[in-house]
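Asks: According to the working numbering, the sequence shown holds residues 49 to 123 in order. Take a look at this one; I'll ask things after.
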Amino acid sequence: MQSYIVLYRCENIMAPADPPFAFQCIAEDTEHAEEQCLNAYYGADIVWVVQTEDVQEAYNDYWDTPAGFTDDQEN
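Encoded structure:
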């Protein structure tokens with residue numbers, strides 16, 4: 049079992065520009081992680097699954113942002 053972060057959206061409570069929510073779980077594989085998220089948040093739209101314990105790493109991967117980059121480092 050591995051740690052996963054599942055990024056998901058709930059369109060009925062989110063604005064289009066809102067970042068996805070993060071769901072953390074321990075799962076056998078990505079499909080199992082998605083299943084756990086959907087069991088917890090029925091009707092969620094899964095947008096990304098990453099094998100990690102770090103939520104920021106999952107968001108960086110989702111937005112293809114170099115690791116360690118934060119808003120504080122912008123121009």
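We treat Cβ as the ideally placed atom computed from N, Cα and C, and that holds for glycine.
Starting from Ala75 and walking both ways along the beta strand (DSSP E), at which residues does that stretch end?
Replies: Run containing Ala75: 69-75, per the beta strand (DSSP E) assignment.
Asks: Sort out for me which residues DSSP pairs Gln50 with in a bridge.
Replies: The partner list for Gln50 (beta bridge, DSSP) reads Ala75.
Asks: Do the CB positions of Ile53 and Asp112 come within less than 9 Å of each other?
Replies: No, Cβ-Cβ distance for Ile53 and Asp112 is not below 9 Å.
Asks: Between which residues of its own chain and Gln99 is the CB-CB distance below 6 Å, once the five residues before and five after are set aside?
Replies: Gln50, Tyr52
Asks: Taking the alpha-carbon positions, what's the Glu59 to Gln104 distance?
Replies: Taking the Cα positions, Glu59 is about 22 Å away from Gln104.
Asks: Quick check: is the beta carbon of Val54 nearer than 9 Å to any beta carbon in chain D?
Replies: The structure shown contains no chain D, having only a single protein chain.
Asks: Let's see if you can read the secondary structure: which residues bound the alpha helix (DSSP H) around Asp109?
Replies: 103-111
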